[in-house]
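S.K.: Questions regarding the structure given below will be posed in turn.
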Amino acid sequence: MRTRPGSEEHTMQPVRSTRTMGELAARGLFILIFDAVLSAGLWAGLVLLKCSGCGGLPGVWAFAAVKWAFLHVFASTLTDGKPEVVLRRLVAILCLLSPVFESGRLLVRPPSQPYTGPSPDLGTLLLGPVSAVLACVVWEKYLCGDSKLAGDDDKRNARRLLVRMLKYFKPDTFYLIAAFCVLILAVICDAFIPLYQGKVIDMLRGQPLQTSFGYAIGQLALVSLGSSLFSGLRGGIFMCTLARLNKRLKHLLFHTLMQQEVHFFEENNPGRLSSRLHSDVDRMGRTVALNANALVRSSVKSCLMLAVMLGLSWELTVLTCIEMPLLAIMQNKYIAVSQELKEQIQDCQARNKELALQIIGGIRTVRSFRAEKDEMRRYNEALDQLCAVKTRADIYSSIFTLIRRLVSLGIKVVMLVQARALISSGHLSLGSLVSFFLYQKPMSNNLKEIMYCFSETMSTVGVISKVFSYLDRVPKWKNEGQLAPEELEGSIVFQNVTFTYPSAPEDKPALKSVSLALRPGKMTALVGPSGSGKTTCVSLLKRLYEPQEGHILLDGEPLHRYEHQYLHQKMALVSQNPVLFSGSLRYNMEYGLKDCSMEKVEEAAKKANADKFICEMENGYDTDVGECGGALSEGRRQCVAIIRALVREPRVILLDEATSRVDVEVQHAVSEVSPAPLITHI
Ligand SMILES: Nc1ncnc2c1ncn2[C@@H]1O[C@H](COP(=O)(O)OP(=O)(O)OP(=O)(O)O)[C@@H](O)[C@H]1O
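Read in order, the letters of the sequence shown correspond to residues 1 to 682 in the UniProt record's numbering.
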């Protein structure tokens, strides 16, 4: 299997290891000294120019921006142009602390009191660097940790996988453009609904003209109608695009699976492959498409709402916005933990599904050994494991929800206090406050949705990577050739063939330097004790595996030079346990043949002495064989498999203990009609 995209990056030497902690601390100290020099320079300048303040809050923000640029250049010079993340973080905190603190001071001051600007006392000057260093140390030591570099690689990897996933939407570009246009129209209408609601409320308080009241109601009705119409259209187009993507991806994955060598299916059991094909493809398409939709919708809506909210009250907007970074940090931590748990849940679910399939599929064996209780216990244990992981995930989720709600509640209380002050000072009308609150809930929902989309998309990365690893898998077998001669004699030669099953140890070959020749038109029997390699010879002839050494020649040409379809038509196999597919007898008999006439099928059935029992069946050749041929006896299943081989008119027929359960007449008939049968297990 190919390596995961981006996995080569894990071999990169982390920057941190090349620079010691001592060096980092020294660089941090230099940055702090330079910051102190810049701050002292500002105050000295203000004193010399005899300025009473530094230009109010805009001045504080402007100085912070200039300081950021200077400190960043200084940090780059110290680190050969590549400052560590921790140093960049230190610079950012040093520059942001003062303006954020001053903005908060301006917000919580009583409206009657004028804003005085920052004061140059020693305590305030020291507080900035000390809190910045503390914040960086806590972040590095307890929140970020050594896993950060690996995390960066994972994120890069995730981004690459998501970009690749988005490329699969290319054939639906037209649908997507239409969906996003309608989405933006829906969002614009949505964003203006609370504003018009507030306007209508303000009009209810005064004595407005009938016409202007009707006009306001009309505007509200119009945006509401637009919102409903465009939202419906958006949903419809997105779902349609998603269905098309799912179909494409499933087809592609199924096609890739069909190309794989037999050993791949021995390594990956059918339950897991089926789950990848159905649940995982569905999940990855749904997550990426719906999250892209939600992300764009929420982002556009948030920007529009933010603009309207700033217009209503910038003070309340700033308070609303404080909630965001806090929630983002918590969400980030939660994603890291929940992602791991989600993967564990998926693995447990896949195992349980597999176990149930195995037990139900083998119910006859289970019953005949009276092993129901054992199997119930096994399944119960598997369910307990799943339950334990789910409980852990639920506990983490509850703790996260609790903390998130407490933070929101605290901010809401501060907002109410500020709103009261603004209304009493006449800076805010009641209608505007109602509008603001009508915006606030959807705004925070939008932000939550953006964060949720991010975490949900990240948690699907594991699933996407597994599906892509199957899509990228290069089958480990030789490409088929083009040889398809009209005349084929059917002589087979094994020349010094050595073969070890891929899953077996290398020193345990199933065949070792085997040489044999099968002459055309003659019956050859392979006889040997159990495990001596008779079935292996047949599997190699059918190219289910490739020998590691030696050659198998058909009419003097290596098998892989023959065209796939041709080879399997000329060399038909009836295996030990023939597999039939759900459907009619006829469907199973002409399986894999494009234009097979009924006459051919009947002729083959007659040759195998089976037409009598088929005609006796209720619907003759159209009789349903049940799931995997379960409605037929084992002998009849073998008969159908023999007819399936004969209908191909093969030059060589391989009977791998294929007539063990059929009547002597059938056995005789088969050996008579087969041009060159190779019979094993006689
Ligand atoms: N899919 C497989 N993976 C690994 N080893 C295998 C596999 N199939 C068979 N073997 C091993 O290869 C050897 C030859 O097996 P094979 O089935 O060819 O023997 P056989 O002569 O047909 O036996 P029997 O008469 O019991 O059917 C055995 O040791 C068997 O355990």
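For every residue, glycine included, the Cβ atom is placed at its ideal position computed from N, Cα and C.
Predicted, not measured: the structure shown is a model, and the values here were computed from it.
Rounded to the nearest angstrom, what separates G6 and G462 at their Cα positions?
M.R.: Looking up residue 6 in the sequence shown gives position 6. Looking up residue 462 in the sequence shown gives position 462. Confidence at G6 is low in this model, with a pLDDT of 37, below 50, so its placement is unreliable and the value that follows should be read with caution. The straight-line gap from Cα to Cα measures roughly 14 Å.
S.K.: Hey, would you say L185 sits closer than 7 Å to F238, going by beta carbons?
M.R.: The residue labelled residue 185 in the question sits at position 185 within the sequence shown. The residue labelled residue 238 in the question sits at position 238 within the sequence shown. Not closer than 7 Å, so no.
S.K.: On the three-state DSSP scale, how would you describe Y562?
M.R.: One-based indexing of the sequence shown puts residue 562 at position 562. Strand, per DSSP.
S.K.: Which full runs of the beta strand (DSSP E) of 3+ residues lie inside the segment 599-667, going along the chain?
M.R.: If we require 3 residues or more, the beta strand (DSSP E) runs fully inside the segment 599-667 come out as 652-656.
S.K.: If you count every other CB in all the chains shown that lies within 10 Å of the CB of V15, and 16 or more means buried, which is it?
M.R.: What you label residue 15 is simply residue 15 of the sequence shown in a count that begins at 1. Interpretation of V15 is limited by its pLDDT of 42, a score under 50 that renders its predicted location unreliable; no figure is taken from the coordinates.
S.K.: What residue does the beta strand (DSSP E) around T498 start on, and which one ends it?
M.R.: By 1-based counting over the sequence shown, the position of residue 498 is 498. Taken as a continuous stretch (DSSP letters only), the beta strand (DSSP E) holding T498 covers 492-499.
S.K.: Could you compute how far the alpha carbon of T536 sits from the alpha carbon of V474?
M.R.: If you number the sequence shown from 1, residue 536 lands on position 536. If you number the sequence shown from 1, residue 474 lands on position 474. Roughly 24 Å between the two C-alpha positions.
S.K.: Taking just the CA atoms, how far does I335 sit from A132?
M.R.: Translated into positions along the sequence shown, residue 132 becomes position 132. Translated into positions along the sequence shown, residue 335 becomes position 335. Spanning the two alpha carbons is a distance of roughly 26 Å.
S.K.: Once the 5 residues before and after L386 are set aside, which same chain residues still bring their CB inside 8 Å of it?
M.R.: Position 386 of the sequence shown, counting from 1, holds the residue named residue 386. Closer than 8 Å at Cβ, skipping near neighbours: I345, C348, Q349, N352.
S.K.: Out of V137, L355, E372, Y452, which has the shortest C-alpha to C-alpha gap to F400?
M.R.: Numbered from 1 along the sequence shown, position 400 holds the residue referred to as residue 400. Taking only the C-alpha atoms, the option nearest F400 is Y452.
S.K.: Within the continuous beta strand (DSSP E) that includes V474, where are the two ends?
M.R.: Reading the sequence shown from its first residue, position 474 is the one you call residue 474. From DSSP, V474 is part of no beta strand (DSSP E); its letter is neither H nor E.
S.K.: Quickly, what does DSSP pair M571 with across the bridge? List them, please.
M.R.: Working through the sequence shown from its first residue, we reach residue 571 at position 571. In the DSSP output, where bridge partners are listed per residue, M571 has V652.
S.K.: For A525, is the beta carbon positioned less than 6 Å from some heavy atom of ligand 1?
M.R.: The residue labelled residue 525 in the question sits at position 525 within the sequence shown. No, Cβ of A525 sits at least 6 Å from all heavy atoms of ligand 1.
S.K.: Which first and last residues belong to the alpha helix (DSSP H) in which E375 is found?
M.R.: In the sequence shown, counting from the first residue as 1, residue 375 sits at position 375. Run containing E375: 372-424, per the alpha helix (DSSP H) assignment.
S.K.: Just the C-alpha distance for P129 and R89, rounded to the nearest angstrom, thanks.
M.R.: Residue numbering aside, residue 129 sits at position 129 when the sequence shown is read from its first letter. Residue numbering aside, residue 89 sits at position 89 when the sequence shown is read from its first letter. Roughly 12 Å between the two C-alpha positions.
S.K.: Indicate whether V200 and A179 have their beta-carbon atoms separated by less than 7 Å.
M.R.: If you number the sequence shown from 1, residue 200 lands on position 200. If you number the sequence shown from 1, residue 179 lands on position 179. No. Outside cutoff.
S.K.: Determine which residues share a DSSP beta bridge with I552 and list them.
M.R.: If you number the sequence shown from 1, residue 552 lands on position 552. Note: I552 sits in a beta bridge opposite F494.
S.K.: Could you check whether R637 and V467 sit closer than 7 Å to each other, using their CB atoms as the reference points?
M.R.: Along the sequence shown, read from residue 1 onward, the residue named residue 467 stands at position 467. Along the sequence shown, read from residue 1 onward, the residue named residue 637 stands at position 637. Taking 7 Å as the Cβ cut-off, V467 and R637 do not qualify as a contacting pair.
S.K.: For a test of the three-state rule: what should DSSP assign to K512, helix, strand or coil?
M.R.: The residue given as residue 512 occupies position 512 in the sequence shown. K512: strand per DSSP, three-state reduction.
S.K.: Going residue by residue through the segment 217-282, where are the continuous alpha helix (DSSP H) segments of at least 4 residues, counting only ones entirely within it?
M.R.: The segment 217-282 contains these whole alpha helix (DSSP H) runs: 262-267, 270-275.
S.K.: According to DSSP, is L32 helix, strand or coil?
M.R.: Locating residue 32 in the sequence shown gives position 32, where the first residue counts as 1. Note: L32 maps to helix in three-state DSSP.
S.K.: Between E266 and W477, is the Cβ-Cβ spacing less than 7 Å?
M.R.: Reading the sequence shown from its first residue, position 266 is the one you call residue 266. Reading the sequence shown from its first residue, position 477 is the one you call residue 477. The answer is no: Cβ separation not under 7 Å.
S.K.: Consider the C-beta atom of S279 and the heavy atoms of ligand 1; say whether any pair is separated by less than 6 Å.
M.R.: Taking the first residue of the sequence shown as 1, we reach residue 279 at position 279. Answer for S279: no, Cβ out of range of ligand 1.
S.K.: Where does C95 land, buried or exposed, given buried means 16+ other C-beta within 10 angstroms?
M.R.: The count along the sequence shown starts at 1 and reaches residue 95 at position 95. It is buried - the Cβ of C95 has at least 16 other Cβ atoms within 10 Å.
S.K.: Determine the DSSP secondary structure at S147, reduced to helix, strand or coil.
M.R.: What you label residue 147 is simply residue 147 of the sequence shown in a count that begins at 1. Reliability fails at S147, whose pLDDT of 49 lies under 50, so the model's placement of it is uncertain and no value is given.
S.K.: Pull every residue with its beta-carbon under 5 Å away from any heavy atom of ligand 1, and keep them in chain order.
M.R.: Checking every Cβ against the heavy atoms of ligand 1 under 5 Å gives Y501, S503, A504, A510, S530, G531, S532, G533, K534, T535, T536.
S.K.: Are the CB atoms of S469 and N496 nearer to each other than 7 Å?
M.R.: Against the sequence shown, residue 469 aligns to sequence position 469. Against the sequence shown, residue 496 aligns to sequence position 496. Taking 7 Å as the Cβ cut-off, S469 and N496 do not qualify as a contacting pair.
S.K.: Could you say which of E487, L471, Q418, L225 lies nearest to M258 if we only look at CA atoms?
M.R.: Taking the first residue of the sequence shown as position 1, residue 258 is located at position 258. Per the Cα distances, L471.
S.K.: Got a sec? Which residues, its chain only, sit under 6 Å from L32 by beta carbon, not counting five neighbours each side?
M.R.: Walking along the sequence shown from the start, residue 32 turns up at place 32. Here the set comprises P129.
S.K.: Could you say if the segment 442-456 and the segment 287-307 meet the contact criterion of at least three C-beta pairs nearer than 8 Å?
M.R.: Yes: at least three Cβ pairs fall under 8 Å.
S.K.: Going residue by residue through the segment 50-94, where are the continuous beta strand (DSSP E) segments of at least 3 residues, counting only ones entirely within it?
M.R.: Listed in chain order, there is nothing to give.
S.K.: Can L183 and R234 be called in contact, C-beta distance under 7 Å?
M.R.: Against the sequence shown, residue 183 aligns to sequence position 183. Against the sequence shown, residue 234 aligns to sequence position 234. Yes, they are a contact pair.
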